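Residue numbering for the sequence shown follows the numbering used here, beginning at -7 and increasing consecutively. Cβ atoms here follow ideal geometry from the backbone N, Cα and C, with glycine treated the same way. Since the structure is predicted, the reported quantities are computational estimates derived from the model, not experimental observations.
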Amino acid sequence: MSPGILAEVPLPMFPRQEAPATYRELGNGVSVGVVWNILKRHVDRDKDVLRRTAPRLPQSVTDLPPSRDELLLARDPSGR
């Protein structure tokens, strides 16, 4: 495996871990916003099947705000 540009990236957050394991861990991180949008689109795409297999799920996801930020701000208007 050739590390390429990653060989120049310092890895202070995992000092006792080999570089390939660290890159694998970093690659596992996902954006909550991306997952939010994928879930909404997936449910919209498969809503006919979901209505038969999980009847309440499509409406529950449809009722979610467009962004998780709106949901979080509704729970804590200070933004903390």
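For a test of the three-state rule: what should DSSP assign to residue i, helix, strand or coil?
{"i": "ASP61", "result": "helix"}
{"i": "ARG33", "result": "helix"}
{"i": "LEU49", "result": "helix"}
{"i": "SER38", "result": "According to the sequence provided, residue 38 is Asp. The question's Ser does not apply to it. Reduced to three states, the DSSP call for ASP38 is coil."}
{"i": "GLY25", "result": "helix"}
{"i": "PRO69", "result": "coil"}
Report back the beta-carbon spacing between residue i and residue j to the nearest angstrom; my notes put them in contact at under 8 Å.
{"i": "ARG60", "j": "VAL35", "result": "At roughly 15 Å, the Cβ-Cβ gap does not stay under 8 Å, so ARG60 and VAL35 are not in contact."}
From the options, pick the residue whose C-alpha is nearest to that of residue i; which is it?
{"i": "TRP28", "options": "SER70, LEU56 and ALA66", "result": "LEU56"}
{"i": "SER52", "options": "LEU64, GLU62 and LYS39", "result": "LYS39"}
{"i": "PRO50", "options": "ARG33, GLU62 and ALA66", "result": "ARG33"}
Can you find a C-beta in chain C that's less than 8 Å from the C-beta of residue i?
{"i": "VAL22", "result": "Chain labels in this structure do not include chain C; a single protein chain is all it has."}
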